[in-house]
Each structure stands twice: as structure tokens, then as C-alpha cells.
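Asker: Just so you know, we're using the working numbering here: the sequence shown kicks off at 764 and counts up by one. C-beta: ideal position from N, C-alpha, C; glycine also. Structure incoming, see below.
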Amino acid sequence: MWVRFFVVHFSDREAGSQNMKKEHKKRMHYLDHAATTAVLPEAAAIACRVMTEQFGNPSSVHRMGIEASGMLETARKQVAAILSAAPSEVTFTSCGTEATATAIYGACRRKGRGKHIITTAIEHSATLNTVRQLEQEGFEVTYLQPDADGHIAVSDLRDAIRPDTVLLTCMLANNEVGTILPVKEFGKILKKKAPQALFHIDAVQGLARIPIKPKLWNADFISVSGHKIGAPKGIGALYIRKGVRIAPLMVGGGQERGMRPGTEATPNIAAFGEACRIRQEQLEDNYAKVEALCAQLEAGIAQRFPWAVYNGKHDMPHVVNVSFPGCKSEVLLRVLEMHEVYVSSGSACAKGKASHVLAAMQLGHERIDSALRISFAPSNTPEDVEVLLDALEEGTKRLRRE
Ligand code: PLP
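Here is the structure:
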């Protein structure tokens, strides 16, 4: 049946894409912002200027180098501001994954410490695959399990802490179901029960959406990424609390105070700084905008698909995960795409593999196979939501009939 569906719909799709080219400007409805975002025009303009005009190496001692170094420090201040941190606590990396790996390996490979790591079963693969590698090196890892809503219990962390715990690494906000982890309570308990342990928070999905508070959370490290907030791909940052010493992943030219050698990616860094500046200024307004879009989506789903089931109690309005039983998500995605609507079936990094997050929530195959993740940015409009709902209505009717 699916083969027939694909044959029919991909030929439809082919014809559809021809029509689309003819129509030229059918508007795109991109609702996959947890995967990545468009670069903000202001950030793109700065990146372009740095690439073509102000392209000096920040380590050069001539005027162009000094100018590049000044831009680097301006961006560092902008990123530090959105992280409520000091500029000296910000290290630029190539992405969120590298920031996370730097924190986890750095914390765990400190000499003479314990061999126990605590994380959760709903982390991004950047964390999960890093701790799995450490397991192979002899570390023991406790994976805290979520409940059916995608929440992690504070009491589970309390029970997991041991005298040899070296690191707690967990996310601030889940990229697939939008739950927020109780990082404030986690930090408090960790520092009380295991003062020797370090605390890393993967805040990639929280940055520019909710306030980041390293001091309040007792965080030693916080990873963030540019491409989720309107900066280009290929730039991230790691907050390292003042006084925390870890070894870098690589050695080289000593850039970033030795924590991340290699000539700094000044166009990306300047653009990341600018995106942080803009998004910090608009944080509250953007949150309200996205909250309204989310409410519109939920009202539409309640009215038009009362049989749909939400996956997780999303605390963030930016990420909504919902299953349409009877409709395989990969097929539904294709139908939506024919309407120029782009959502996803889960993490972009999982590339179509069944979601480990939904599996950890024990939701069952049917629900996992029919799950869609819809993720908003402030640039979305009520029209995007209406077009999505119409496309979903058409797609689900056809798929449920077949
Ligand atoms: N952590 C979370 C929660 C994410 O959603 C992502 C990206 O999807 C990452 C880490 C990895 O970030 P990057 O793509 O910058 O490596």
C-alpha cells in the first residue's frame, strides 16, 4: 500500500514541483525551526562584510588584525550577554556538538576523579554518543528515564548521585517534545550531594527562547549553537564558569585562550553575536508571538483532528510533537511538502530513525511512527499555521482512507 502511495504521490510531487516552478512564488511555510533557522538579514549582512571587507585574522598584529580582534570581542560580549555570563566565560566553537563534547570530555578526563556520569535518555545524540564513547573507556553512565510526558524527576537524579559522580550532563529544553528539564533543582542537588561533580547543560534549544541563568542553575558549562537562532551553521559557544579548568579537545595556535585552537571563524562569530543581540532584545515579544501561534495550532488540532495525540507536555511553545495515528509520518511529511509546508518527524540528526526520545517515553510504535514535530520561530505567521492545518487535513484524510 505504501509503495502505491509513494508511486502515486511522487509522480504527483514531480508534477507538483513543475507547477510550483511555473507559479514561481508559492510561499514556503517552514515550521522546522528546531532543526535549523534562516539566517537573520542583519546577521547575514555582518557575515558578508566580514568575509569580503573586514577579513583580517584576529591574531595578526596589523590594523586589520586588530579590527578583526575587536569584532571578535564585540561578538563575545553579545553572546555573553544573552548567556548572563562574563565575556571571559565564553569560548567559540564550531557548533553545539563541539561545545558539548568539549565540556563532557573535559569534565570526565580530569585526572584522579571518579568514573560515573549522569545523563538522561532523552538527550540529543551530541551528548548520548559522547557519553557512550566514554562508557567504552571505562566510565559508568546512569541514564535518567523520562515519564510518559517527557519529564525527568528530580528524585531520580537525587537517587543516581554517587560519591564517584564526575559529571551531570542534561539538556535545558528537549528538541523533540519541547519539555524543560528542572535544571535549577538539578544544579542545587548535585552541588549539595556531589560538590566534586561538574554540571553541563545543553541549552541549544533554550537559547534566545527562554532566559539562560548559569549562576542560578549552578552550571559549570552551557552549550549553545548559532544556527538555531538566526546565525549561520558552523558556529557554537561553550560557557565555562570562571575558575573551572578543563583540557581542550585539540591543541594548536592557542586561540580562545587555548580552549579552541584554530583561526577563529570571524564571519560566523560576528553573525552569531548579532543574532544574540537581536534575539535578546526581542526575547519576550518573540515568546509571546510563538505562544500565540502554538495556541492557534492547538485550537486547530482540537477542532479538526480530535483523534490526534500529543507526545509530551511541551513546556516550550516552540516545539509541538503530535501523532496522527494511521498516518505514517514520513508519508505525511511528503504530502505536507507538496503544499510547501516543512515540518519533521523528530530530530534532524536522527535522519528518519525511530525517535529514541519517544521510545524512552514508552509511547509505542504506532504513536512513534505517526509523530510530527512542528517547531516555530518568531518569523512564522498565523497563515503558516492555517496552511499547515489545511495540508494536514488533506493528508490525513487521504492516508486514513488508504
Ligand atoms: N543539542 C540539541 C538539543 C540540539 O537540538 C542540537 C541540534 O539539533 C544539538 C545539540 C547540536 O547542535 P549543532 O547542530 O550546532 O551541532
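To which residues does DSSP link N1203 through a beta bridge?
Answerer: A query on residue 1203 cannot be resolved here, the shown segment of the chain reaching from 764 to 1165 and no further.
Asker: What separation, rounded to the nearest whole angstrom, lies between the Cα atoms of S847 and H1081?
Answerer: Translated into the one-based positions of the sequence shown, residue 847 becomes position 84. Translated into the one-based positions of the sequence shown, residue 1081 becomes position 318. Using only the alpha carbons, I get a separation of about 22 angstroms.
Asker: So which of S857, R921 and G875 has the shortest CA-CA distance to H881?
Answerer: Here residue 881 is taken as the residue at index 118 of the sequence shown, counted from 1. Before going on, a small fix: residue 881 reads as Ile here, not His. Minimum Cα distance to I881 is reached at R921.
Asker: CA-CA distance, M783 and G1063?
Answerer: Start at 1 with the first residue of the sequence shown, and residue 783 comes out as number 20. Start at 1 with the first residue of the sequence shown, and residue 1063 comes out as number 300. Confidence in M783 is poor, its pLDDT being 45 and thus under 50, which makes the residue's placement unreliable; the coordinate value appears in the next sentence. Distance between the alpha carbons of M783 and G1063: 27 angstroms.
Asker: Can you round the beta-carbon distance between H792 and D1147 to whole angstroms, since I take them to be within the 8 angstroms contact cut?
Answerer: Within the sequence shown, numbered from 1, the residue matching residue 792 stands at position 29. Within the sequence shown, numbered from 1, the residue matching residue 1147 stands at position 384. For H792 against D1147, the beta-carbon gap comes to about 4 angstroms, under 8 angstroms, which counts as contact.
Asker: Whole angstroms is fine: what's the gap from Q1059's alpha carbon to M1079's?
Answerer: Mapped onto the sequence shown, residue 1059 falls at position 296. Mapped onto the sequence shown, residue 1079 falls at position 316. Taking the straight line joining both Cα atoms gives about 15 angstroms.
Asker: Along the alpha helix (DSSP H) that carries V946, what are the first and last residues, could you check?
Answerer: As a first step, residue 946 must be located in the sequence shown, where it is residue number 183. Note, V946: alpha helix (DSSP H), V946 to K956.
Asker: Would you check whether the ligand PLP has a heavy atom nearer than 8 angstroms to the C-beta of D795?
Answerer: For the purposes of this step, residue 795 is taken as the residue at position 32 of the sequence shown. D795 Cβ: outside cutoff for every heavy atom of the ligand PLP.
Asker: Is any heavy atom in the ligand PLP found nearer than 8 angstroms to the beta carbon of M934?
Answerer: Numbered from 1 along the sequence shown, position 171 holds the residue referred to as residue 934. Yes, Cβ of M934 sits closer than 8 angstroms to a heavy atom of the ligand PLP.
Asker: Rounded to whole angstroms, what is the Cα-Cα separation between R873 and P1011?
Answerer: Position 110 of the sequence shown, counted from the start, is the residue given in the question as residue 873. Position 248 of the sequence shown, counted from the start, is the residue given in the question as residue 1011. Their backbone Cα atoms lie some 11 angstroms apart in a straight line.
Asker: Buried or exposed, going by whether 16 or more other CB atoms sit within 10 Å of the CB of K788?
Answerer: In the sequence shown, counting from the first residue as 1, residue 788 sits at position 25. Confidence is the limiting factor: at K788 the pLDDT is only 49, short of 50, which leaves the residue's position unreliable, though a coordinate-based value still follows. With fewer than 16 Cβ atoms within 10 Å of its Cβ, K788 is classed as exposed.
Asker: Kindly indicate which residue of P1141, Q1125 and Q1043 has the alpha-carbon position closest to the one of I845.
Answerer: Position 82 of the sequence shown, counted from the first residue, corresponds to residue 845. Here the closest residue by C-alpha is Q1043.
Asker: Measure the C-alpha to C-alpha separation of A957 and F984 and round it to an integer number of angstroms.
Answerer: Residue numbering aside, residue 957 sits at position 194 when the sequence shown is read from its first letter. Residue numbering aside, residue 984 sits at position 221 when the sequence shown is read from its first letter. Taking the straight line joining both Cα atoms gives about 16 angstroms.
Asker: Quick one: Cα of D1048 to Cα of N1143, how far?
Answerer: Locating residue 1048 in the sequence shown gives position 285, counting from the first residue. Locating residue 1143 in the sequence shown gives position 380, counting from the first residue. Rounded to the nearest angstrom, the two C-alpha atoms are 13 angstroms apart.
Asker: Alpha helix (DSSP H) containing G1158: first to last residue?
Answerer: Here residue 1158 is taken as the residue at index 395 of the sequence shown, counted from 1. Looking at the DSSP string, the run of the alpha helix (DSSP H) that includes G1158 is P1145 to R1164.
Asker: Determine the closest residue to G997 out of T942, N1031 and C933, with distance taken between C-alpha atoms.
Answerer: Residue mapping note: residue 997 aligns to position 234 of the sequence shown, counting from 1. Cα-wise, what sits closest to G997 is N1031.
Asker: Going by CA-CA distance only, name the one from P1088, L1151 and E1157 that's closest to S1138.
Answerer: Taking the sequence shown and counting its residues from 1, the one referred to as residue 1138 is at position 375. Considering only alpha carbons, the answer is L1151.
Asker: Among L1099, A1122 and D1132, whose alpha-carbon lies nearest the alpha-carbon of D795?
Answerer: As a first step, residue 795 must be located in the sequence shown, where it is residue number 32. Among L1099, A1122 and D1132, the Cα nearest to that of D795 is on L1099.
Asker: Give me the Cα-Cα distance between I1041 and P1145, rounded to the nearest whole angstrom.
Answerer: Reading the sequence shown from its first residue, position 278 is the one you call residue 1041. Reading the sequence shown from its first residue, position 382 is the one you call residue 1145. Whole-angstrom Cα-Cα distance: 22 angstroms.
Asker: Leaving out the 5 sequence neighbours to the left and right, which residues in its chain are closer than 7 angstroms to K976 when beta-carbon positions are compared?
Answerer: Position 213 of the sequence shown, counted from the start, is the residue given in the question as residue 976. Excluding positions up to five away in sequence, the list reads S847.
Asker: What's the C-alpha gap between R1020 and V1014?
Answerer: As a position in the sequence shown, residue 1020 is number 257, starting the count at 1. As a position in the sequence shown, residue 1014 is number 251, starting the count at 1. Taking the straight line joining both Cα atoms gives about 11 angstroms.
Asker: Work out the CA separation of G819 and E898 for me, nearest whole Å.
Answerer: The residue you call residue 898 lines up with position 135 of the sequence shown. The residue you call residue 819 lines up with position 56 of the sequence shown. One C-alpha to the other measures close to 42 angstroms.
Asker: Determine the burial state of R1164: buried for a count of at least 16 other Cβ atoms within 10 Å of its Cβ, exposed for fewer.
Answerer: To locate residue 1164, count along the sequence shown from 1; it is residue 401. Its Cβ having fewer than 16 others within 10 Å, R1164 is exposed.
Asker: Whole angstroms is fine: what's the gap from D919's alpha carbon to L907's?
Answerer: Residue 919 sits at position 156 when you count from the first residue of the sequence shown. Residue 907 sits at position 144 when you count from the first residue of the sequence shown. Their backbone Cα atoms lie some 7 angstroms apart in a straight line.
Asker: For P1024, which residues of its own chain have a beta-carbon under 8 angstroms away from its beta-carbon, when the five flanking residues on both sides are left out?
Answerer: Stepping through the sequence shown from its first residue, residue 1024 is reached at position 261. Closer than 8 angstroms at Cβ, skipping near neighbours: P1011, M1013, V1014, G1015, G1016, G1017 and Q1018.
Asker: Look up L1046 in the DSSP assignment and say whether it is helix, strand or coil.
Answerer: Start at 1 with the first residue of the sequence shown, and residue 1046 comes out as number 283. L1046: helix per DSSP, three-state reduction.
Asker: Whole angstroms is fine: what's the gap from K951's alpha carbon to H825's?
Answerer: Along the sequence shown, read from residue 1 onward, the residue named residue 951 stands at position 188. Along the sequence shown, read from residue 1 onward, the residue named residue 825 stands at position 62. If I take the Cα positions, the gap works out to 47 angstroms.
Asker: Take E1037 and list the residues in its own chain whose beta-carbon comes closer than 8 angstroms to its own, dropping the five residues that flank it on each side.
Answerer: As a working mapping, residue 1037 is identified with position 274 in the sequence shown. Closer than 8 angstroms at the Cβ level, and outside the excluded window around E1037, lie L803, E805, A806, I809, A838, Q841 and A994.
Asker: Provide the residue span of the beta strand (DSSP E) that contains H1166, from first to last.
Answerer: Shown here, the chain extends from 764 to 1165; a query on residue 1166 therefore has no answer.
Asker: Excluding the 5 residues preceding and the 5 following Q817 in the sequence, name in chain order all residues of the same chain whose CB lies nearer than 7 angstroms to its CB.
Answerer: In the sequence shown, counting from the first residue as 1, residue 817 sits at position 54. Closer than 7 angstroms at the Cβ level, and outside the excluded window around Q817, lie E830, A831 and M834.
Asker: Which residues does DSSP pair with L931 in a beta bridge?
Answerer: On the sequence shown, position 168 is the one that residue 931 refers to. DSSP, once it has assigned bridges, lists I881 and F962 as partnering L931.
Asker: For A1123, verify whether its CB is less than 8 angstroms away from any heavy atom of the ligand PLP.
Answerer: For the purposes of this step, residue 1123 is taken as the residue at position 360 of the sequence shown. A1123: no, Cβ never under 8 angstroms from the ligand PLP.
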